[in-house]
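Since the structure comes first, as structure tokens, the remarks are kept for the end.
Protein chains: 4
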Amino acid sequence: MSSIFGKNLKIAVFGQSHSRAIGCVIDTLPAGIKIDISRLNAFMARRAPGNKSYSTSRKEADLPEFLSGVLPAKDDPNALVTCGAPLCAVIFNSDARSADYSDIFDIPRPGHADFTANVAYGSFQDVRGGGHFSGRLTAPVCIAGGICKQYLEDRGIFIGAHISRIGDLIDCPFDVDGVEIDRARLEAAAKGPFPTLDEDCGKKMISLIESCRANKDSVGGCIECAVIGLEAGVGAPMCDGLENRLSASLFAIPAVKGVEFGKGFEVCGLYGSQNNDPYCIKDGKITAKTNNAGGILGGISNGMPIIFKCAFKPTPTIMQPQQSVSLSQKKETTLLPKGRHDPCILPRAVPVVEAVTAITLTDMLLEFPKHIPHETM
Amino acid sequence: MSSIFGKNLKIAVFGQSHSRAIGCVIDTLPAGIKIDISRLNAFMARRAPGNKSYSTSRKEADLPEFLSGVLPAKDDPNALVTCGAPLCAVIFNSDARSADYSDIFDIPRPGHADFTANVAYGSFQDVRGGGHFSGRLTAPVCIAGGICKQYLEDRGIFIGAHISRIGDLIDCPFDVDGVEIDRARLEAAAKGPFPTLDEDCGKKMISLIESCRANKDSVGGCIECAVIGLEAGVGAPMCDGLENRLSASLFAIPAVKGVEFGKGFEVCGLYGSQNNDPYCIKDGKITAKTNNAGGILGGISNGMPIIFKCAFKPTPTIMQPQQSVSLSQKKETTLLPKGRHDPCILPRAVPVVEAVTAITLTDMLLEFPKHIPHETM
Amino acid sequence: MSSIFGKNLKIAVFGQSHSRAIGCVIDTLPAGIKIDISRLNAFMARRAPGNKSYSTSRKEADLPEFLSGVLPAKDDPNALVTCGAPLCAVIFNSDARSADYSDIFDIPRPGHADFTANVAYGSFQDVRGGGHFSGRLTAPVCIAGGICKQYLEDRGIFIGAHISRIGDLIDCPFDVDGVEIDRARLEAAAKGPFPTLDEDCGKKMISLIESCRANKDSVGGCIECAVIGLEAGVGAPMCDGLENRLSASLFAIPAVKGVEFGKGFEVCGLYGSQNNDPYCIKDGKITAKTNNAGGILGGISNGMPIIFKCAFKPTPTIMQPQQSVSLSQKKETTLLPKGRHDPCILPRAVPVVEAVTAITLTDMLLEFPKHIPHETM
Amino acid sequence: MSSIFGKNLKIAVFGQSHSRAIGCVIDTLPAGIKIDISRLNAFMARRAPGNKSYSTSRKEADLPEFLSGVLPAKDDPNALVTCGAPLCAVIFNSDARSADYSDIFDIPRPGHADFTANVAYGSFQDVRGGGHFSGRLTAPVCIAGGICKQYLEDRGIFIGAHISRIGDLIDCPFDVDGVEIDRARLEAAAKGPFPTLDEDCGKKMISLIESCRANKDSVGGCIECAVIGLEAGVGAPMCDGLENRLSASLFAIPAVKGVEFGKGFEVCGLYGSQNNDPYCIKDGKITAKTNNAGGILGGISNGMPIIFKCAFKPTPTIMQPQQSVSLSQKKETTLLPKGRHDPCILPRAVPVVEAVTAITLTDMLLEFPKHIPHETM
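Residue numbers (our numbering), protein chains in the order written: chain Z, 1 to 377; chain L, 378 to 754; chain U, 755 to 1131; chain Y, 1132 to 1508.
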């Protein structure tokens, strides 16, 4: 499947940067899920390009229109309810400037997929604005993810992410040695001007991004995400565990080049006596003293917060001349800068990480329980 | 799918650490693939537990027996040829000592899946030796992967991995700033006493592992893998790219907690002008001057080597008392050390990383080309 | 997957009878497929409700609008070309009269899915016009199928169906004892006023349908379909053969209650010496003297025409009072007739059978060849 | 997937007629399912070739050996319990006489898959005894199906089939105009000497089969199957309904050429007023007065018995010379009779139909409920 997420819940994403519309179909969505439109639009707004100094100048309202799969909620004029039929939601593209991209068909932009798309799809590909490879396609991912996020929150499962690093600036990380994640602080980060846990760090990151724009450059970073309230027992060993499924989905976000869970790559330098999380009893419940495992053992949740990080490469588009080649002439040439871009994609990527996580967990929760309760035997 | 790899090529892995046998079924395997038995057994031997100082004392020959899907090669007494029917290969378990594991049903071992398996499968689970969660299940993965590896090598695609780190010891990394990977050195590492590129570093790692055993502890590390010779154009954007598929498979290996491609998490600290790989012409072919992307752009191979790393946590089994809980009594208790273990799983995990990579790439290569050639229009 | 066809080519169908739009997403469609818009619209017109005496009075132009996945063909103003990204096409619903259906939420219509949908989706279901269960959803199936049909025809594979039976009226069947299918006659049937091979039979069928309308009743029938030009070797034994895949897709058409291949249920009364198709050489090519197998042996095509039949039950909506129950009051009641309907769905179902067949065969043709050619060994 | 059944529950079938073993892997099987070995062996015995006059002389005990996925039941020495890990069961082939089949590689047997397999798999195929296309592969299907059948029976769902026709002989059919299926009579048929509801009819069928053997011929027939006790609400519209899934699985049985539900092809000749099943209240429960729909509306069960029929073609192997071709010489030739065969496969196919039905229904029951109960909103 090229652009279909999921196994029990299937989400087909469609559209190109400059096609008439972009959107998604959510198939096998249970009936009876309530969608609060204000909450969904607020979630979409976190991803939308805006007037912010650190973001692209492309302007799109990016509010979803629902073509199928929902009915008005009987008790709430601001809500829809899924009816069990596949849900289709679209966003019509309005502010597309195709002329900006005329050269890249022949001269691939370094760091972008222009060259590999050319090999795979030949001259048939829609190269305008990156086509189907564009970060713009994360908008329909956020529609689906925003709906799943509401579904999970209504069931007590909260997903929150923050920027943990841009360049050399580090936001305060989740305390994986401890056990608690501060949900209120994550919610504040989502509502604030910049999605960091530490406001001062956020200001420094804004400055860094602005200086990147001034330098006609871009910068990479890292997003850390937590899932709070997921019950123990979700996942499976080998091919169908939380790590398999979440990583497969997270790499669907353009620019992600690494995914790690719990201590992640730090485990390479640890001893077993340091890394094993000792079990304990707390408030009468079995839990662990530390959460180096990021809430996952054998692919299955252990009831502690799920914690992971994604590395984002710097936006490939930079406003500097770059060395490339002419595909038609097979000779080296210089690519001149053009178009609009985000010097740092991370602020807008935070809700995308949450969306992809919500999609994946909803999919996994729609699985039949692994064991047949005793009483039915 | 709990334990089925793949989409075009489906590989079902079965068995528990102490079940009568472990094995795999390879479904939709093309007919006509030659399997050299000596090469396969040599590959399996790299994973097998042995007499080495740094490995478990469990002894299993671990040679596959073929139940279906193959016929003798007509021209080679040492080879089999696939006939197009599903291939089943098994390894009978001979040296299982179930008594060693009697306690863990009630007292979960920290860092292992005992607790999460108990939540998911209840009292029905086969807890002996870790059951289906055991690293022993990587043996049938290596049967399937070894066959895929031969298939790929016969088509000019080579997969080679090495230990790039154990504890604080670092093997010389692939030169991602350059472009070439030294295949001969990788092959030598596979044949040598310890799978590092730098022999001296390997010796130090052996010492470190031996000191871990002496300290009744274990240690984590990192494996770096390269795919050489993969043509450009393999993969897809969004959900079906090389990064999605490889990461989903790599996290099927027990103990993997992070996967990164190319520069990986290093990209968080880079500028676009540093991270973009400038295109150039070399020997009349379009390529790039650096390989920060690890050979993948937009989920699709660009013809350069695919490079990635996996973080392995230290083996959870350590020969020290650890703090745990009694599940039946819901009270804290101490788990006393028992059984056999590898103080460091990495030497045996190197072929497993190669196997999983071979399975995933073979699966992806069995996809229909993305574009219909011009001439058929 | 509730409403997703296919394995290599995934087609997600969405919409309800009275939702804002209905449509489909075609994922993993190869790039470079030409879509002739006139041909597609002509195909859609065969399914569209019209002014015909034997059809519903609901009027919808039912022309697809493309939201993504295509670019204008460079050489043909009337054509589009797929670009490799998921294609989304929609039809906006314009002539929906929801008021007609107010009762059926409580009093299920016999023969319809109202009752079973109520059990499965509860009060959340969109009951208007049959919701997602409506025959209207075959319109997006025809968009996808019409595109696949062009793809196949451009490759020499022709799909043609006709009404072989309505009530007791029998159109002249394909000659399965012979080998040839008259493609020209099938094409004429598709273009003519009524899709039968024998024009006189068609006229009698129209009379029968009109008398059904006069009697406030409906009538069932049978559609026979042939695939001409499919090469030998397509399909697989057991779960992935032509019969498995075609039947699974054909039962997606509302009202289909039976599917049979070749001689179908007639084989129950035959001896092996009658039913086996003897091989012979014709024009230097291996073929068979008869085609009782309908072109399929062991799930795999043998190069002869694929032949199958689908039984369609009479439209459940009839303009007579029917016995039903009130779901809320759990008591028997009479359902009074309402709304619009087709007294016989078969004329409009013929292109739907062709569409579903085209979707399934395109999907199967996008499979990697089963054997690696000798020369690559 | 070539030989993998299912979506939630995946069953990979492997083996060739003359391979070392045949078997199956059941993946994603819930933990805690009890397998009574005597019941399973009794079920397998219904399919096994025996000493009966109407069956092949090949003799195989065909008792499964379990390699993984089960533990001994704690309370029952004759039972196993699934542990949640993939279950692998095998049957070693003992009575294979490969020499019998030496010719068919070059001279394809009419009605068999020899020719199509040759096109698809080339010279690599295992042609001995029909390879993976052999009816022998229904033995592992019966292992998986027998386990699923016990799972369903323990939950109150009974599956029973009988031979409804051989040649011109008709067993008394299920009364689809009524509503009740006589389970006791179906169970008696399963235990008796011949699987018909009417014992006299069974005797006539045995005579017919014996006369076929004497005539060196074979004969086709029909199996009718009922599912009693399946709750309403199982299935889905369009691609994932009971008819889609059951038909896809039933065509996996070699020799099946048609599948019909409820009235099946009879609906072609019915009016809506005849075919619609009027709803009524019986014992305080909503049901219908007739069951023409075979228990399925809109792909979803309505709580009445599921009823369907499968047409089986006559065994292609007959002991007469048949006209065929030499593939190597591309010329017509006569195929001389050889080997062992069943002159009528139907008696042994009855449990196979039940097995495939049990596999499919278990798979569908492992689906998450389609709607979220009110109380969770």
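Yeah, the Cβ is synthetic: ideal placement off N, Cα and C, and Gly gets one too.
Keep in mind the model is a prediction, meaning the values are calculated, not measured.
message = For the segment 1442-1460 of chain Y, list every residue whose C-beta sits within 9 Å of some C-beta in chain U, in sequence order.
response = Result list: A1442, F1443, K1444, P1445, T1446, P1447, T1448, I1449, Q1451, Q1453, Q1454, S1455, V1456, L1458.
inquiry  = Distance check for D413 (chain L) and A775 (chain U), CA to CA, integer angstroms please.
reply    = Your numbering for residue 775 (chain U) matches position 21 in the third sequence. Your numbering for residue 413 (chain L) matches position 36 in the second sequence. Cα to Cα, the separation comes out at about 57 Å.
key: CA-to-CA distance, E731 (chain L) to R416 (chain L), given in whole angstroms   = If you number the second sequence from 1, residue 416 (chain L) lands on position 39. If you number the second sequence from 1, residue 731 (chain L) lands on position 354. Our two residues, R416 (chain L) and E731 (chain L), have alpha carbons roughly 14 Å apart in a direct line.
inquiry  = Beta carbons nearer than 9 Å to chain Z: which residues of the segment 1146-1166 of chain Y have them?
reply    = Of all residues in the segment 1146-1166 of chain Y, T1159, P1161, A1162, G1163, I1164, K1165 have a Cβ within less than 9 Å of some Cβ in chain Z.
query = Tell me, which residues are paired with A288 (chain Z) by DSSP?
reply = Taking the first residue of the first sequence as 1, we reach residue 288 (chain Z) at position 288. Under DSSP, the beta-bridge partners assigned to A288 (chain Z) are Z:Y279.
ask   = Cβ atoms of Q1256 (chain Y) and C519 (chain L): under 7 Å apart, would you say?
value = What you label residue 519 (chain L) is simply residue 142 of the second sequence in a count that begins at 1. What you label residue 1256 (chain Y) is simply residue 125 of the fourth sequence in a count that begins at 1. Against a cut-off of 7 Å, the Cβ pair of Q1256 (chain Y) and C519 (chain L) comes out as no contact.
task = Please list the segments of the beta strand (DSSP E) lying wholly inside the segment 1334-1359 of chain Y, counting only runs of 3 or more residues, in order along the chain.
result = Within the segment 1334-1359 of chain Y, the complete beta strand (DSSP E) runs of at least 3 residues are 1352-1359.
ask   = Would a check of beta-carbon distances place I4 (chain Z) closer than 7 Å to chain U?
value = Stepping through the first sequence from its first residue, residue 4 (chain Z) is reached at position 4. Cβ-Cβ to chain U under 7 Å: yes for I4 (chain Z).
request  = Alpha carbon to alpha carbon, how far is R1296 (chain Y) from V1350 (chain Y)? Give it in angstroms, no decimals.
outcome  = Residue mapping note: residue 1350 (chain Y) aligns to position 219 of the fourth sequence, counting from 1. Residue mapping note: residue 1296 (chain Y) aligns to position 165 of the fourth sequence, counting from 1. Looking at the two C-alpha atoms, the distance is approximately 11 Å.
ask   = Buried or exposed: Q1281 (chain Y), going by 16 or more other Cβ atoms within 10 Å of its Cβ?
value = One-based indexing of the fourth sequence puts residue 1281 (chain Y) at position 150. In summary, Q1281 (chain Y) is buried, with 16 or more beta-carbon neighbours lying within 10 Å of its beta-carbon over all protein chains present.
task = Output yes if chain L places a C-beta closer than 7 Å to the C-beta of G838 (chain U); else output no.
result = Translated into the one-based positions of the third sequence, residue 838 (chain U) becomes position 84. Chain L places a beta carbon closer than 7 Å to that of G838 (chain U), counting this residue as a contact.
key: Reduced DSSP secondary structure (H/G/I, E/B, other) of C465 (chain L)   = To locate residue 465 (chain L), count along the second sequence from 1; it is residue 88. C465 (chain L): strand per DSSP, three-state reduction.
ask   = Got a sec: is the Cβ-Cβ distance from K747 (chain L) to anything in chain U below 7 Å?
value = If you number the second sequence from 1, residue 747 (chain L) lands on position 370. Yes, contact with chain U.
key: In DSSP terms, what T1464 (chain Y) is bridged to   = Numbered from its first residue, the fourth sequence carries residue 1464 (chain Y) at position 333. The partner list for T1464 (chain Y) (beta bridge, DSSP) reads Y:S1455.
request  = Can you say whether D922 (chain U) is buried or exposed, counting buried as having 16 or more other CB atoms within 10 angstroms of its CB?
outcome  = Counting from 1 along the third sequence, the entry for residue 922 (chain U) is found at position 168. Label assigned to D922 (chain U): exposed.
request  = Alpha carbon to alpha carbon, how far is G649 (chain L) from L350 (chain Z)? Give it in angstroms, no decimals.
outcome  = As a working mapping, residue 350 (chain Z) is identified with position 350 in the first sequence. As a working mapping, residue 649 (chain L) is identified with position 272 in the second sequence. The residue you asked about is not Leu; residue 350 (chain Z) is Val in the sequence shown. Spanning the two alpha carbons is a distance of roughly 19 Å.
key: Inter-residue spacing [alpha-carbon to alpha-carbon] between L821 (chain U) and F768 (chain U)   = Residue 821 (chain U) sits at position 67 when you count from the first residue of the third sequence. Residue 768 (chain U) sits at position 14 when you count from the first residue of the third sequence. Straight through space, the alpha carbons of F768 (chain U) and L821 (chain U) are spaced by roughly 14 Å.
query = Does the separation of the CB atoms of I780 (chain U) and L841 (chain U) fall below 7 Å?
reply = The residue given as residue 780 (chain U) occupies position 26 in the third sequence. The residue given as residue 841 (chain U) occupies position 87 in the third sequence. L841 (chain U) is positioned such that its CB atom lies closer than 7 Å to that of I780 (chain U).
task = Would you list the one or two residues that DSSP bridges to A785 (chain U)?
result = Position 31 of the third sequence, counting from 1, holds the residue named residue 785 (chain U). Beta bridge pairing from DSSP links A785 (chain U) with L:H748.
inquiry  = Between C842 (chain U) and chain Z, is the shortest Cβ-Cβ distance under 7 Å, so that the two count as touching?
reply    = Along the third sequence, read from residue 1 onward, the residue named residue 842 (chain U) stands at position 88. True, the Cβ-Cβ gap to chain Z drops below 7 Å.
Helix, strand or coil at E1196 (chain Y) according to DSSP, with G and I counted as helix = Within the fourth sequence, the letter at position 65 stands for residue 1196 (chain Y). Of the three classes helix, strand and coil, the one that applies to E1196 (chain Y) here is strand, per DSSP.
query = Looking only at its own chain, which residues have a Cβ that is under 7 Å from the Cβ of T360 (chain Z), when we skip the five neighbours before and after it?
reply = For the purposes of this step, residue 360 (chain Z) is identified with residue 360 of the first sequence, where counting begins at 1. Scanning its chain for C-beta atoms nearer than 7 Å, with the 5 sequence neighbours on each side dropped, one finds around T360 (chain Z) the residues R245, L246, S249, in chain order.
key: Whole-angstrom distance between M44 (chain Z) and P140 (chain Z), CA atom to CA atom   = For the purposes of this step, residue 140 (chain Z) is identified with residue 140 of the first sequence, where counting begins at 1. For the purposes of this step, residue 44 (chain Z) is identified with residue 44 of the first sequence, where counting begins at 1. Looking at the two C-alpha atoms, the distance is approximately 9 Å.
request  = For chain U, find out if any of its Cβ atoms is closer than 7 Å to the Cβ of P1241 (chain Y); answer yes or no.
outcome  = Taking the first residue of the fourth sequence as 1, we reach residue 1241 (chain Y) at position 110. So, interface residue.
key: Helix, strand or coil at P351 (chain Z) [DSSP, three-state]   = Mapped onto the first sequence, residue 351 (chain Z) falls at position 351. Of the three classes helix, strand and coil, the one that applies to P351 (chain Z) here is helix, per DSSP.
message = Pairs of beta-carbons, one from the segment 197-213 of chain Z and one from the segment 631-638 of chain L, closer than 8 Å: are there three or more?
response = The answer is no - the segment 631-638 of chain L does not touch the segment 197-213 of chain Z, with fewer than three Cβ pairs under 8 Å.
ask   = If the cut is a Cβ gap below 7 Å, which residues of chain L does D1193 (chain Y) touch?
value = Here residue 1193 (chain Y) refers to the residue found at position 62 when the fourth sequence is read from its first residue. Per Cβ cutoff of 7 Å: no residues; D1193 (chain Y) is ~15 Å from chain L at best.
message = Quick check on the DSSP output: the beta strand (DSSP E) that includes S1001 (chain U) runs from which residue to which?
response = Locating residue 1001 (chain U) in the third sequence gives position 247, counting from the first residue. Where S1001 (chain U) is concerned, there is no enclosing beta strand (DSSP E), although the alpha helix (DSSP H) it sits in stretches over 996-1004.
ask   = So, is H1505 (chain Y) buried or exposed, given that buried needs 16 or more other C-beta atoms within 10 angstroms?
value = In the fourth sequence, counting from the first residue as 1, residue 1505 (chain Y) sits at position 374. Unreliable positioning characterises H1505 (chain Y) in this predicted model, as indicated by a pLDDT of 49, which lies under 50. The coordinate reading is nonetheless provided below. By the neighbour-count criterion, in which a residue is buried when 16 or more other Cβ atoms sit within 10 angstroms of its Cβ, H1505 (chain Y) is exposed.
ask   = What are the partner residues of F1015 (chain U), as DSSP defines its beta bridges?
value = Locating residue 1015 (chain U) in the third sequence gives position 261, where the first residue counts as 1. For F1015 (chain U), which the question treats as bridged, DSSP gives the partners U:F1062.
message = What residue range does the beta strand (DSSP E) around T138 (chain Z) cover?
response = Translated into positions along the first sequence, residue 138 (chain Z) becomes position 138. First-last for T138 (chain Z): 138-153, but that is the alpha helix (DSSP H), not the beta strand (DSSP E).
query = Do you know how far the Cα of K370 (chain Z) is from the Cα of E997 (chain U)?
reply = The residue you call residue 997 (chain U) lines up with position 243 of the third sequence. The residue you call residue 370 (chain Z) lines up with position 370 of the first sequence. In this structure, the alpha-carbon of E997 (chain U) lies about 32 Å from that of K370 (chain Z).
message = Strictly under 7 Å for the Cβ-Cβ distance: is T1247 (chain Y) near chain U by that measure?
response = The residue you call residue 1247 (chain Y) lines up with position 116 of the fourth sequence. Interface residue, yes.
query = For L1202 (chain Y), which residues in chain L fall below 7 Å Cβ to Cβ?
reply = The residue given as residue 1202 (chain Y) occupies position 71 in the fourth sequence. Those within 7 Å of L1202 (chain Y) in chain L are D503.
task = State the start and end residues of the unbroken beta strand (DSSP E) segment that holds I917 (chain U).
result = Within the third sequence, residue 917 (chain U) is the residue found at index 163, counting from 1. Boundaries of the beta strand (DSSP E) harbouring I917 (chain U): 912-920, taken from the DSSP string.
ask   = Among all the DSSP beta bridges, which residues are the ones paired with P72 (chain Z)?
value = Within the first sequence, numbered from 1, the residue matching residue 72 (chain Z) stands at position 72. Beta-bridge partners assigned by DSSP to P72 (chain Z): Z:L80.
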